[in-house]
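Oh and the sequence shown: position 225 is 225 in full-length UniProt numbering, straight run, nothing missing.
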Amino acid sequence: MIYLERKREIKRCIIITGMSGAGKSSALNVFEDQGFYAIDNLPPTLLPQLLEVLEGHQSAVRNGVAAVVDVRGQDLLNDLVNVAARLREKNVHTEILFVDSSDEALVRRFETTRRRHPLAEGMTILQGIQNERELLNGIIKNADIVIDTTGLKLPDFKTRLLEATGMSMEEPAVIVSSFGFKYGPPQDADYILDVRFLPNPNYVDELHQLSGRDEPVVRYLKGFPALGEFLSRAEPLLDYVSSVYCDTGKKQLHICIGCTGGRHRSVAVTEILGAYLEAAGRRVKVQHRDIDKGNLW
Numbered sequence: 001m002i003y004l005e006r007k008r009e010i011k012r013c014i015i016i017t018g019m020s021g022a023g024k025s026s027a028l029n030v031f032e033d034q035g036f037y038a039i040d041n042l043p044p045t046l047l048p049q050l051l052e053v054l055e056g057h058q059s060a061v062r063n064g065v066a067a068v069v070d071v072r073g074q075d076l077l078n079d080l081v082n083v084a085a086r087l088r089e090k091n092v093h094t095e096i097l098f099v100d101s102s103d104e105a106l107v108r109r110f111e112t113t114r115r116r117h118p119l120a121e122g123m124t125i126l127q128g129i130q131n132e133r134e135l136l137n138g139i140i141k142n143a144d145i146v147i148d149t150t151g152l153k154l155p156d157f158k159t160r161l162l163e164a165t166g167m168s169m170e171e172p173a174v175i176v177s178s179f180g181f182k183y184g185p186p187q188d189a190d191y192i193l194d195v196r197f198l199p200n201p202n203y204v205d206e207l208h209q210l211s212g213r214d215e216p217v218v219r220y221l222k223g224f225p226a227l228g229e230f231l232s233r234a235e236p237l238l239d240y241v242s243s244v245y246c247d248t249g250k251k252q253l254h255i256c257i258g259c260t261g262g263r264h265r266s267v268a269v270t271e272i273l274g275a276y277l278e279a280a281g282r283r284v285k286v287q288h289r290d291i292d293k294g295n296l297w
């Protein structure tokens with residue numbers, strides 16, 4: 001008797017797109033390390049056909065397919081959204097992952113690597129970035145996951161990526177991060193709290209060179225009743241929000257605390273809120289995006 005091997009269906013597809021230089025290739029490498037069948041620079045219209053071809057591929061069936069899609073043409077932008085919809089109709093769990101970063105960070109990365117931005121022909125790197133951001137505006141609105149890699153080191157990016165795509169076996173994570181409004185708010189924030197109402201230690205001579213991690217800065221801020229009042233309201237709110245998000249199955253809650261430069265006030269408050277949530281039983285990670293970017297304000 002001859003047995004014909006039945007093809008098995010691929011159940012998951014992660015489409016990786018976003019800004020050039022933001023980390024699309026790094027994201028693809030992370031998924032490949034997780035056992036996904038990885039594809040780089042694939043036209044969106046070919047994706048459904050490729051998934052059919054890969055139905056006999058063990059890792060693709062078992063783990064899924066991750067594909068970086070070049071969507072810098074208008075037609076391709078439309079194709080990407082339509083292709084994702086068609087895959088979902090076929091019961092393929094499809095997610096569009098948009099990897100982003102601030103314009104400043106992207107310019108710095110292109111200058112460091114001495115690479116030309118793909119849309120900067122005859123213009124500056126920043127102009128190319130702005131053109132690309134305008135072209136991708138429709139995609140980011142349709143993305144299922146947006147990760148801002150500004151200031152993220154590769155291990156942190158990997159952790160954020162795995163948690164956002166539900167591949168961490170740990171309980172849901174709460175990330176509490178500080179940032180400076182002068183560098184732009186994180187685009188992947190779930191909640192943003194502004195602490196610029198607190199007096200700025202940057203204008204105190206003995207505190208200017210310190211950060212919110214240093215005890216003199218914390219002691220200075222705690223001397224103002226406004227901080228205690230703020231914490232008395234923010235702590236129970238964030239504890240409640242964390243529990244609600246966990247109950248919905250969301251793998252990650254990103255709480256961002258902002259001040260002007262991201263060095264003093266937001267850092268101190270982030271440390272305090274992170275410690276509070278950890279004591280409340282949450283699995284917390286504290287990070288400071290802009291703490292080393294200077295202390296001009």
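Glycine is no exception: its CB is placed at the ideal position from the N, C-alpha and C atoms.
Treat the numbers as computed from the prediction; the structure is a model and nothing was measured.
Between Met19 and Val99, the CB-CB gap stays under 8 Å. In this structure, the alpha-carbon of Ile175 lies about 10 Å from that of Thr270. Where Ile291 is concerned, there is no enclosing beta strand (DSSP E), because DSSP gives it neither an H nor an E. In this structure, the alpha-carbon of Asp214 lies about 37 Å from that of Leu97. Between Pro199 and Phe230 a beta carbon distance of about 13 Å is seen, past the 8 Å cut, so the two are scored as non-contacting.
Remark: C-beta atoms of Ser102 and Gly23 do not approach each other more closely than 8 Å.
The region 276–284 and the region 143–163 do not touch, with fewer than three beta-carbon pairs separated by less than 8 Å. When the five nearest sequence neighbours on each side are left out, the beta carbons in the same chain lying within less than 8 Å of the beta carbon of Gln130 are those of Asp103, in order along the chain. The beta carbons of Lys293 and Gly180 sit closer together than 8 Å. Contact check for Ile257 and Leu193: beta-carbon distance about 5 Å, within the 8 Å limit, so the pair qualifies. Residue environment: Thr124 is assigned as exposed (fewer than 16 neighbouring CB atoms within 10 Å of its CB, all protein chains considered). Secondary structure at Leu237: helix, using DSSP grouped into helix, strand and coil.
The alpha carbon of Asp70 has as its nearest neighbour, out of Phe31, Ala60, Ile139, Thr260, the alpha carbon of Ile139.
Among the bridge pairs identified by DSSP, Tyr191 is matched with Ile255. In the displayed model, Phe224 falls within coil according to three-state DSSP, outside both helix and strand. Closest option to Cys259, judged by alpha-carbon separation, among Arg116, Leu161, Val195: Val195.
In the DSSP assignment, Thr94 is bridged to Cys13.
For the region 107–165, the continuous alpha helix (DSSP H) assignments of 4+ residues that do not extend past its boundaries occur at 125–135, 137–142, 154–164, in sequence order. Membership of Ser177 in the beta strand (DSSP E) is indicated by the continuous run 173–180. In the DSSP assignment, Ala66 falls within the unbroken beta strand (DSSP E) covering 65–68.
When the alpha-carbon of Ala27 is set against those of Asp156, His254, Lys182, the nearest one is in Asp156. Counting the other Cβ atoms within 10 Å of the Cβ of Glu134 gives fewer than 16, which makes it exposed. Between the alpha carbons of Leu119 and Gln127 lies a gap of roughly 8 Å. Its Cα nearest to that of Ser242, the residue Ala279 stands out among Ala279, Asn137, Arg108, Asn29. Taking a C-beta distance under 8 Å as the contact criterion, Ala84 and Ile15 qualify as a contact pair.
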